[in-house]
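Numbering (our numbering), first residue to last: 1 to 328.
Ideal Cβ placement from N, Cα and C applies to all residues, glycine included.
It should be emphasised that the depicted structure is a prediction, and the values quoted were computed from it without experimental measurement.
A quick write-up on the structure given underneath.
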């Protein structure tokens, strides 16, 4: 028994989740150095380089690439031209690059969709001096605050570009000797989608037993049954027992009597639903119990299965609604 779910009954809500990474070190992510070199053509044989994962990272090329992409003229800086956050696009202390830099490039499998702003803690030489730099949430890696011209500003040691997984250290860097040992803690981010599906089971839906011993096809003719009240044999009721499911008519199979679990002297057939259900509410009679809901795509491939915490009886007297939630 299948039913198409309208798009209006499907809601998808995105939300961010974060994973904490502790103790990333030089062994996991080696530091690459960049050096400003002017008036000199690139020479792969003589130019200085850093070995990162068995690859040569030339210091001149790295410096020029980082400077061109992230450290533009502060006078023309804007939200449209710069990568990362800024406290103020008019500030002159947030994006300052010196002649030598150190770059930590975190693999995307670790930072996911981006580093969570404000989550980075970098410790230089954790077994020695233990200098600690923290993320201010505005792409700045700071080691405290200083006062300049009577104004307190963060002492920016470098920058973090969250969506690229890059940490660029720009002050007091000596190629090959600074940050040869470090510890890095941060949180990666990923978007997860909560899917909420509303399923309405109407009075005339999913309330017919699929047990072949309970029903047989009537060939489309109406079926009239005479019911005796089990508490008063003098009372009878005549009603139409035709059941409509997708245009097919079914009738109860009176050759399969039911014995009440409350009173074994009471024996009824599936025709006795009206009376018997009031005497034995645990019996299914015409109405099956819903225990599992399967979700299918447009090609009838099952994509998800929802298990109910307890069986729900699908009665022909009133609708039953279900809400299914799952994350993708």
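Beyond the five residues adjoining it in sequence on each side, residue 183 comes within less than 7 Å, by CB distance, of 23, 25, 123 and 126 in the same chain, given in chain order. Non-local beta-carbon contacts of residue 5 in its own chain, meaning distances under 7 Å to residues more than five positions away in sequence, involve 197 and 199 in chain order.
Cβ-Cβ distances below 8 Å link residue 152 to 145 and 146 in the same chain, with the five nearest sequence neighbours on each side left out; the list follows chain order. Assignment of residue 90 by DSSP, reduced to helix, strand and coil, places it in the coil class.
Only residues of its own chain outside the window of five on either side were considered, and among them 294, 295 and 296 have a CB closer than 8 Å to the CB of residue 302, listed in chain order.
Distance from the CA of residue 14 to the CA of residue 318, rounded to the nearest whole angstrom, comes to 34 Å.
Between the region 25 to 38 and the region 102 to 119, the count of C-beta pairs closer than 8 Å reaches three or more; the two stretches touch.
The continuous beta strand (DSSP E) containing residue 102 extends over residues 100 to 105. Shown here for residue 291: same chain residues with a beta carbon closer than 6 Å to its own, the five before and five after excluded, namely 308 and 311 in chain order. Short of 6 Å from the beta carbon of residue 158, and not among the five residues preceding or following it, lie these beta carbons of its own chain, in chain order: 141, 168, 169 and 170. The alpha-carbon of residue 46 is positioned some 11 Å away from that of residue 60. Pairing residue 94 with residue 139 gives a Cβ-Cβ distance under 9 Å. In the DSSP assignment, residue 310 falls within the beta strand (DSSP E) that extends over 302 to 313.
Boundaries of the alpha helix (DSSP H) around residue 64: 59 to 70.
In the structure shown, residue 56 falls within a strand segment according to DSSP collapsed to helix, strand and coil. Look at residue 27 here: in three-state DSSP terms it is coil, with no helix or strand label.
Residue 135 is positioned such that its CB atom lies closer than 9 Å to that of residue 119.
Membership of residue 296 in any alpha helix (DSSP H) is not indicated; the residue belongs instead to the beta strand (DSSP E) covering 289 to 296. DSSP places residue 200 in the strand class (E or B) of the three-state scheme. A Cβ-Cβ separation of about 6 Å places residue 189 in contact with residue 16 under the 8 Å criterion. Closest in alpha carbon position to residue 42, among 111, 52, 51 and 58, is 58. The alpha carbon of residue 91 has as its nearest neighbour, out of 154, 193 and 178, the alpha carbon of 154.
As summarised for the region 125 to 198, the continuous beta strand (DSSP E) elements at least 3 residues long and confined to that stretch are 131 to 135, 140 to 148, 151 to 161 and 166 to 169, given in chain order.
Note that the C-beta distance between residue 69 and residue 83 is below 9 Å.
Where residue 111 is concerned, the enclosing alpha helix (DSSP H) starts and stops at 108 to 111. Within a 10 Å sphere around the beta-carbon of residue 66 sit 16 or more other beta-carbons, which makes this residue buried. Residue state for residue 7 is assigned as helix, using DSSP reduced to three classes.
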